[in-house]
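Remarks on the structure that follows.
Protein chains in written order, with my numbering: chain P, 1 to 209; chain U, 1001 to 1209.
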């Protein structure tokens, strides 16, 4: 960021501090219980002062989601970028329900084209999908997954399941998100080694016609 | 409904009409672009008159979701209650983005305990899960699925994927929700026939240790 040089650097540092504080407050209180005032107070600012750094509550929260992704990728994912790293992120999510609420809420809002989170979620989905494709291919090179994987569809299914499971988990915290995603991976693995020419599988496929 | 008898029946009929109208308006305009005024107008009521039948916008929209489920189950699902019926509901969803928006928005809101949609989504999830377990068992009886299915987890994965795919589809209408869910079913099928004792599968499993 070019703004990090010269007279702007103090502002950039304060922005970073606000994001760190906002991440904490949302993790502790959840999205719906977080007021601008709470974040401003903990960052030693007035609510108006806070809005000097972020134009709107939406902009602030999108930056919170972005900061969270950076943190998760740095801590759990990079440079391994494999499925285990992804599961580590999900396991970590189970410790920060407030952030999962924010993520679920904004990804729903993003589906309405006019919400400022729209382009953030489009880009995020593309990035996650490309990570996931890499993870699948890496597992194929390693021999963990066999040759029969529809990589694009499998990647979308993993991401869709992770999103849906986070929603189920918010409704019922006993849902084990990681165990379910491991199961999905097992299914992808079973499909990847399935011999589509075996009589059993052909017989089963006949039901689809 | 006992209210359908006697002096209440006219009110019940009007309520039904409002729900029908609201379903139409949300299907056409989407959730975020639907005002109470639009629904009231088309039902021949004032906004205040509308609120006489439904205490709040939230209550009205939860009833819209309930009416939509009744319609979908009657049209696509009952009495077959098999996976194909579920896919028919999803294919139908792709023709009513406004309702999918409403569903996604309210299921996100429902994850905050205090929202009036909370108990609706808990009950709905339990019902969908029990349908899905039935669909899996039915496919096993029919010989389409083999013996190795973790029914509970598979049911949750299908529901989670369907929810997550609807979100992906709202962001990118080219996502083929039905094709992805058919792929997931194929994976469950592959897993259901997988011989966990085969050397290939055991070798692959060793990667998990």
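Note that the Cβ used here is the ideal one computed from N, Cα and C, for glycine as well.
Is any beta-carbon of chain P found at less than 9 Å from that of residue 1032 of chain U?
yes
Do residue 1162 of chain U and residue 1086 of chain U have their CB atoms nearer than 9 Å?
yes
Is it buried or exposed for residue 4 of chain P, if we count other Cβ within 10 angstroms and need 16 for buried?
Interpretation of residue 4 of chain P is limited by its pLDDT of 49, a score under 50 that renders its predicted location unreliable; no figure is taken from the coordinates.
Would you please state the rounded distance, in angstroms, between the beta carbons of residue 102 of chain P and residue 64 of chain P? I believe it to be under 8 Å.
7 Å
Taking residue 64 of chain P as part of the alpha helix (DSSP H), name the residues at either end of that continuous run.
57–72
Hey, would you say residue 129 of chain P sits closer than 9 Å to residue 159 of chain P, going by beta carbons?
yes
Counting along the chain, where does the alpha helix (DSSP H) carrying residue 107 of chain P start and finish?
97–110
Return the residues of the segment 61–87 of chain P that lie within a Cβ-Cβ distance of less than 9 Å from chain U, sorted by chain order.
none
Nearest neighbour of residue 1092 of chain U, chosen from U:1126, U:1106, U:1123 and U:1077 [CA to CA]:
U:1077
So with Cβ pairs under 9 Å, would you call residue 112 of chain P a contact of chain A?
As a matter of chain content, chain A is missing from the structure shown, whose protein chains are P and U.
Counting C-beta neighbours from all protein chains within 10 Å, is the total for residue 1097 of chain U 16 or more, i.e. buried, or is it exposed?
buried
Given residue 1165 of chain U, which residues of its chain have a CB within under 6 Å of its CB, disregarding the five upstream and five downstream residues?
1177 and 1180
Taking 9 Å as the cut-off, decide whether the C-beta atoms of residue 1015 of chain U and residue 1054 of chain U are in contact.
yes
Check whether the segment 113–129 of chain P and the segment 1106–1117 of chain U are in contact - that is, three or more C-beta pairs closer than 8 Å.
no
Which listed residue (P:19, P:38, P:105 and P:155) has its alpha carbon closest to that of residue 126 of chain P:
P:155
Taking residue 1123 of chain U and residue 183 of chain P to be in contact with their CB atoms under 8 Å, please state how far apart those CB atoms are, rounded to whole angstroms.
Going by Cβ atoms, the distance from residue 1123 of chain U to residue 183 of chain P rounds to 25 Å, so no, they are not a contact pair.
Secondary structure at residue 1011 of chain U, three-state DSSP: helix, strand or coil?
helix
Does DSSP put residue 176 of chain P in a helix, in a strand, or in coil?
coil
Within the continuous alpha helix (DSSP H) that includes residue 45 of chain P, where are the two ends?
No alpha helix (DSSP H) contains residue 45 of chain P, which DSSP labels as neither H nor E.
In the segment 115–145 of chain P, which residues sit with their C-beta less than 9 Å from some C-beta in chain U, listed in chain order?
115, 118, 121, 122, 125, 139, 142, 143, 144 and 145
Exposed or buried, residue 189 of chain P, counting other C-beta atoms within 10 Å across all chains shown (16 or more means buried)?
buried
DSSP state of residue 1004 of chain U, grouped into three classes?
Reliability fails at residue 1004 of chain U, whose pLDDT of 49 lies under 50, so the model's placement of it is uncertain and no value is given.
Please classify residue 1024 of chain U: does DSSP put it in a helix, a strand, or coil?
helix
Measuring only the C-alpha atoms, how far is residue 211 of chain P from residue 1174 of chain U?
With chain P covering 1 to 209 only, the question about residue 211 of chain P has no answer from this structure.
Using CA atoms only, rank isn't needed, just tell me which of U:1112, U:1168, U:1140 and U:1132 is closest to residue 240 of chain P.
Absent from the structure is residue 240 of chain P, since the part of chain P shown begins at 1 and ends at 209.
Beta-carbon proximity list for residue 1072 of chain U, same chain, < 6 Å, skipping 5 on both sides:
1089
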